[in-house]
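Have a look at the structure below before the remarks.
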Amino acid sequence: MELISNKKNLDDMVPSEIVRELDKFVIGQTKAKRTISVALRNRTRRKRLPEDIQDEVFPKNIIMIGPTGVGKTEIARRIARLSNAPFVKVEATKYTEVGYVGRDVESMVRDLMGAAIAQVRKEMAESSSELVEKRVEERILDLLIPNLKPQDGAFETKVENTRESYRILLRSGALDDKEIELPPAQRKPGGIGIELMTNGNPGDIQEAMNSLGSIFGNLNRPPRKRKVTVKHAREILEEEENEKVVDQDKLIDIAKDRTEQMGIIFIDEIDKIAGANTSSSSPDVSREGVQRDILPIVEGTKVNTKWGVIDTSHILFIAAGAFHVSKPSDLIPELQGRFPLRVELSALTADDFERILTEPANAITKQYRELMKTEGVDLQFSPAGIRRLAEIAYEVNTMNENIGARRLYTIMETLLEELAFSADELNGQTVVITPEYVDSRLADIVRDQDLNQYIL
Ligand SMILES: Nc1ncnc2c1ncn2[C@@H]1O[C@H](COP(=O)(O)OP(=O)(O)OP(=O)(O)O)[C@@H](O)[C@H]1O
Ligand SMILES: [Mg+2]
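Written out as C-alpha cells, the structure is:
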C-alpha cells in the first residue's frame, strides 16, 4: 500500500544519511542528531522483523534536554519535513486533565491522524493529477460550448472541430478571464455533520466549534450556480475532481497505517509539566495529572478518532524541554521509563553562531540578502563582519538572558533596521556588512546594559 513520493522515504535512510540531512539546517548538536536518527532507523528495522516479534519491539522515545533556542524544535521540525512520517508538534502545557476545559491529551493522536490524512490525500491527488487535469478540461469545455448537441455525422465533425479549437484556446490561457457559470457544487453525502455526531470525544471543544461553524456556514449558503472566470473555475473543479479520484476508504487505510507505524509526536515544554505542583498557575489542573493522562498514550492505547480507532503503541514520541527548574527525574517514574533515551543539546558558542549565520540552507543572512535583492540592493556580509555579529550575539547572551540562536534574529533586525527602511533609495548599490558597519550600528547598544536589554 505504499505510495510513490518524490521524497526519499525515511524507511530507506540510514542514520548517517539522516544526520547529513539534518546538518543542512542545524549546526552542531551532533549527539542529538545521532540519537534521533538511530531511533528512527530502529522503527524501520522493526518493520522488517517477523510480525509476532514486531509487536514486542517498542519505539525508543527520546527526551531532548537543552537550553532555549539551541535547536530542539528545529531538529524535530526537520525530521518531519525530510521524512514521510506524519508528524505533529504539541505543547505539554496546552493540555489539561480529563474533565477540565482545555485540550484533552488524546487530541494529539487525532491531530496526528489528521496530519496523515492530509499528507496521504495530497499524495493520492498528485498521483492522479493528469487524470484530474483532463477531466477538468473536459468539464470546462462542456461549460464553454454547452449548446452544441451532435445530431448527424456532419454536425458531429463540426462540433468536434469547435471543441478542439476551444481546447487550444483554453490551453493557451486566452480564455482565462472569460466568465462561465458553474453548476452548484457537488456535495458529498455524509460530511462534517455526521463526523461530529460520531466523534464521541467531548474534550475537544475547539474541533467541535470548528465543525459547528462549517455546518452553519453550509446551511446559510444554499447550493446555487456560481459565475466565475475560467481560471477560477479550473481551481474549483480541480478540487471537486480531486475529491472524486481519491478513494476515501483507501485513503483512511493508508493514513491509519502510517500514523500507527511511522507517526511522530513531538511534545515540547515537557519540563513544564514535571515536578511539584507548587508554582502551577491553575491549582485545579495538576501537572502530574497531565502526565498520568499522557502515560497511556505513550505506553500504547487505543484512541477514537473520526477516522476510526488508532493504536498508539508504535508511535514515536520525542519530548523536549529546557529542564532549568525541574529535571527528567521529576517526571512520574512510569513516564520516565517510557522515555529511555536522553540527549543533551549544548549551549551555542560564538563559533556556532558564525556558522548558523551563514551555513544552513535557510541561513538568516541568505534571507536578508534575498529580501534586499527585491529592492535592487546587493547586500553582502564580509566574513569578518559575520564574526563580529557572532561575537556580539554571544556577548549579549552572556550579559542578559541566554536565548540561544534566537538572539541572532534580534541583532540582525537592529543591524539592518536603517537599511531596511531606506532600501528603496539604494537601488542598484552594493552594501557590505563589515565589522566597522556592525560596530557603528550595534556597539553603543551593546555597551549600554539598559538599552540592550530592551533592544537586542
Ligand atoms: N544549532 C542550530 N543550528 C541552526 N539554527 C539554530 C540552531 N539552534 C537554533 N537555531 C535557530 O534558532 C531558532 C530557535 O531554535 P529552536 O526553535 O529549535 O529552539 P528550541 O531549542 O526548541 O528552544 P525552546 O526551548 O525555547 O523551545 C530557530 O529559528 C532555529 O532555526
Ligand atoms: Mg522549542
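Adding 17 to a residue's 1-based position in the sequence shown gives its number in my numbering. Note that CB positions come from ideal geometry on N, CA and C, so glycine has one too.
Could you spell out the range, first to last residue, of the beta strand (DSSP E) harbouring LYS244?
243-246
I believe PHE334 touches VAL315 by the beta-carbon criterion, under 8 Å. Please report the beta-carbon distance rounded to the nearest angstrom.
5 Å
Limits of the beta strand (DSSP E) - the one that ASN321 falls within
319-322
Note down the Cα distance separating GLN308 from LYS50, rounded to an integer number of angstroms.
26 Å
Counting beta carbon pairs with one atom in the segment 362-374 and one in the segment 93-113, are three or more of them shorter than 8 Å?
no
Return the first residue and the last residue of the beta strand (DSSP E) that ALA336 is part of.
333-338
Between the C-alpha atoms of THR202 and ARG251, what's the straight-line distance to the nearest angstrom?
Per the sequence presented here, residue 202 reads as Ala, with Thr not at that position. Their Cα atoms are separated by approximately 13 Å.
Sheet register partners of ASP395 (DSSP bridge)
THR447
What residues in its chain sit with their C-beta under 6 Å from that of LYS15, if we drop five residues either side in the sequence?
Residue 15 is absent from the model: the chain starts at 18 and stops at 473.
Using DSSP bridges, identify the partner residues of ASP285.
GLU108
Backbone CA spacing between ILE35 and SER54 [nearest angstrom]:
6 Å
Tell me whether ASP467 sits in a helix, a strand or coil according to DSSP, three-state version.
helix
Strictly by DSSP, which residues pair up with GLU371?
Answer by DSSP bridge pairing: none, since GLU371 is not bridged.
Between the segment 142-152 and the segment 118-128, do at least 3 Cβ pairs fall closer than 8 Å?
no
For SER439, count the other beta carbons within 10 Å of its own beta carbon; 16 or more makes it buried, fewer makes it exposed. Which is it?
exposed
Take the Cβ of ALA133 as the centre, count every other Cβ of all protein chains shown within 10 Å, and call the residue buried at 16 or more, exposed below.
buried
Which of helix, strand or coil DSSP assigns to GLU140:
helix
Bridge partners - ILE327, DSSP secondary structure assignment:
VAL320
Using the rule of at least 16 other Cβ atoms within 10 Å of the residue's Cβ for burial, across every protein chain shown, is ASP29 buried or exposed?
exposed
If we call anything under 8 Å between Cβ atoms a contact, is VAL360 one with ILE82?
yes
Throw me the rounded Cβ distance for the MET416 and THR276 pair, which I believe falls under 8 Å.
That belief does not hold up - the Cβ atoms of MET416 and THR276 are roughly 46 Å apart, past 8 Å.
Quick one, which of VAL342, ASN379 and GLU177 has its alpha-carbon nearest THR85's?
VAL342
Determine, using beta carbons only, whether ALA56 and GLY280 come nearer to each other than 8 Å.
no
Quick one, what's near ligand 2 if you take every residue whose CB is closer than 7 Å to any heavy atom, in chain order?
LYS89, THR90, ASP285 and ALA337
Using DSSP with H/G/I as helix, E/B as strand and the rest coil, what is ILE92?
helix
Between ILE284 and ILE311, what straight-line distance do the alpha-carbon atoms span, to the nearest angstrom?
10 Å
Please confirm if the segment 405-424 is in contact with the segment 67-82, defined as three or more CB-CB distances below 8 Å between the two stretches.
no
Suppose you measure from the CA of ALA291 to the CA of PRO350; what does that come to, to the nearest Å?
11 Å
If you draw a straight line from the C-alpha of GLN46 to the C-alpha of GLY88, how long is it?
8 Å
As a quick exercise: from VAL153, GLY421 and LYS64, pick the residue whose alpha carbon is nearest that of THR90.
GLY421
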